[in-house]
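J.: When we follow this note's numbering, the leftmost residue of the sequence shown carries the number 12, and every step to the right adds one.
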Amino acid sequence: MARRRQLYEGKAKILYEGPEPGTLVQYFKDDATAFNAQKKGTIPGKGVLNNRISEFLMLRLAEVGIPTHFIRRLTMREQLIREVEIVPIEVVVRNIAAGSMSTRLGIAEGTRLPRSIIEYYYKNDALNDPMVAEEHITAFGWASPQDMDDIVHLTLRINDFLTGLFLGVGIMLVDFKVEFGRLWENDDMRIVLADEISPDNCRLWDTKTNEKMDKDRFRRDLGRVEEAYQEVAKRLGILPEAGMRDMKGPELMQ
Ligand code: UDP
């Protein structure tokens with residue numbers, strides 16, 4: 012098979028041209044970065060696990076009527092997705108105070124918030140993804156007021172559904188980041204969930220022990236990073252039959 016044309020390389024993923032117009036192939040790397048790429052590392056097997064976890068979550072979300080860019084998983088590290096025009100906003104939902112919210116507002120990590128809070132960050136590495144208000148987003152035309160209505164509505168439904176799904180397997184969904192894209196079909200446009208949902212962009216805590224099962228283990232050097240990602244996959248019931256042995260050597264499968 013001819014090598015696919017690479018369109019974009021991000022910190023954790025690579026996008027290739029897809030087999031048909033309007034499709035892309037999303038490849039999950041083991042690379043991890045934190046603090047705007049000041050900290051770099053590798054989490055062995057992460058790409059394989061995130062490919063599976065994101066596939067699983069996107070499929071469950073689609074079942075409850077959330078439109079997504081996901082089409083199907085192709086290999087251990089690759090999934091076929093619809094090509095969308097990414098809205099340049101990171102949408103963060105918080106249920107429990109942690110991370111930058113705790114630092115910025117002096118709220119102890121672990122404090123349950125009075126209600127779920129949505130924040131927006133403008134996707135711009137050079138500016139270090141600054142937090143912005145809906146006013147900035149609509150004034151500068153990064154998204155229209157109609158886009159934002161759809162994004163807020165979808166985000167709250169995603170939060171509701173994922174909170175319940177994770178609680179069912181003993182995991183608290185503390186916060187997470189999602190991205191949306193515009194999917195064009197003839198002259199019609201709709202907003203769909205894009206990017207990925209995985210322990211790279213969620214905070215997941217064990218409901219009994221409060222143990223962190225997400226990228227904070229990497230950010231804060233807590234150790235047992237790959238084990239935490241594996242545990243999330245295991246609880247969701249999606250670790251391959253053969254366990255991690257099956258996770259090795261994905262390059263051979265391309
Ligand atoms: N997040 C992300 N990408 C980013 C920034 C944040 O996926 O570039 C996720 C992060 O994993 C967490 C949530 O968004 O689940 C909130 O992150 P926060 O603002 O607390 O920033 P952090 O502490 O991660 O710097």
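Positions of the beta carbon are idealized from the N, C-alpha and C atoms, including for glycine.
1. Do you know how far the Cα of TYR240 is from the Cα of VAL185?
2. Compute the distance between the beta-carbons of LEU194 and VAL180, then report whether it is under 8 Å.
3. DSSP three-state label for LEU18, please.
4. Note down, in chain order, each residue of its chain lying with its Cβ closer than 7 Å to the Cβ of ARG168, except the 5 sequence neighbours on either side.
5. Expressed to the nearest angstrom, what Euclidean distance is found between the alpha-carbon atoms of GLY110 and GLU74?
6. With a threshold of 8 Å, are at least 3 pairs of Cβ atoms found where one atom belongs to the segment 30 to 47 and the other to the segment 77 to 90?
7. Excluding the 5 residues flanking SER209 on each side, which residues of the same chain have their C-beta closer than 7 Å to its C-beta?
8. What residue from TYR27, MET69, SER127, ALA45 has the CA that sits closest to GLU190's CA?
9. Only counting the same chain, and skipping five residues up and downstream in sequence, which positions put a Cβ closer than 8 Å to that of LEU116?
10. Could you tell me how far apart the beta carbons of ILE182 and PHE67 are, in whole angstroms, since I believe they sit closer than 8 Å?
11. When DSSP labels each residue in this structure, what does LEU233 get in the three-state scheme?
12. Measure the Cβ-Cβ separation of PRO30 and ASP41 and say whether it is below 8 Å.
13. Measure the CB-CB distance between GLU101 and LYS188 and report whether it falls below 8 Å.
14. Secondary structure at THR53, three-state DSSP: helix, strand or coil?
15. According to DSSP, is VAL102 part of a helix, a strand, or is it coil?
16. Measure from the alpha carbon of TYR133 to the alpha carbon of each residue in HIS147, SER127, LYS57, then state which is nearest.
17. Check whether the Cβ of SER111 sits closer than 7 Å to any heavy atom of ligand 1, and report yes or no.
T.: Result, derived from the coordinates:
1. Counting from 1 along the sequence shown, the entry for residue 185 is found at position 174. Counting from 1 along the sequence shown, the entry for residue 240 is found at position 229. So the alpha carbons of these two residues sit roughly 16 Å apart.
2. Here residue 194 is taken as the residue at index 183 of the sequence shown, counted from 1. Here residue 180 is taken as the residue at index 169 of the sequence shown, counted from 1. Their beta carbons are not under 8 Å apart, which means LEU194 does not touch VAL180 by this criterion.
3. Numbered from 1 along the sequence shown, position 7 holds the residue referred to as residue 18. The answer is strand: DSSP assigns LEU18 an E or B state.
4. Your numbering for residue 168 matches position 157 in the sequence shown. For ARG168, where only same-chain residues beyond five positions count, the Cβ hits under 7 Å are ILE77.
5. Sequence index remark: in the sequence shown, residue 110 carries index 99 (1-based). Sequence index remark: in the sequence shown, residue 74 carries index 63 (1-based). About 31 Å.
6. Enough Cβ pairs lie closer than 8 Å, so yes.
7. If you number the sequence shown from 1, residue 209 lands on position 198. If we look at SER209 and ignore the five residues flanking it on each side, its Cβ neighbours are ASN61, ILE64, SER65.
8. Locating residue 190 in the sequence shown gives position 179, counting from the first residue. When only C-alpha atoms are compared, the closest one is MET69.
9. Translated into the one-based positions of the sequence shown, residue 116 becomes position 105. Excluding residues within five positions, the ones whose Cβ falls inside 8 Å are ALA108.
10. Your numbering for residue 182 matches position 171 in the sequence shown. Your numbering for residue 67 matches position 56 in the sequence shown. Their Cβ separation, rounded to whole angstroms, is 13 Å, which puts ILE182 and PHE67 out of contact at 8 Å.
11. Counting from one through the sequence shown, the residue named residue 233 turns up at place 222. Of the three classes helix, strand and coil, the one that applies to LEU233 here is coil, per DSSP.
12. Here residue 30 corresponds to residue number 19 of the sequence shown, with the count starting at 1. Here residue 41 corresponds to residue number 30 of the sequence shown, with the count starting at 1. For PRO30 and ASP41, no; Cβs fall outside 8 Å.
13. As a working note, residue 101 is residue 90 in the sequence shown. As a working note, residue 188 is residue 177 in the sequence shown. It is a contact, given that the beta carbons lie within the stated cut-off.
14. One-based indexing of the sequence shown puts residue 53 at position 42. Strand at THR53.
15. Here the question's residue 102 lines up with position 91 in the sequence shown. Strand at VAL102.
16. As a position in the sequence shown, residue 133 is number 122, starting the count at 1. For the residues HIS147, SER127, LYS57, the minimum Cα distance to TYR133 belongs to HIS147.
17. Within the sequence shown, numbered from 1, the residue matching residue 111 stands at position 100. SER111: yes, Cβ under 7 Å from ligand 1.
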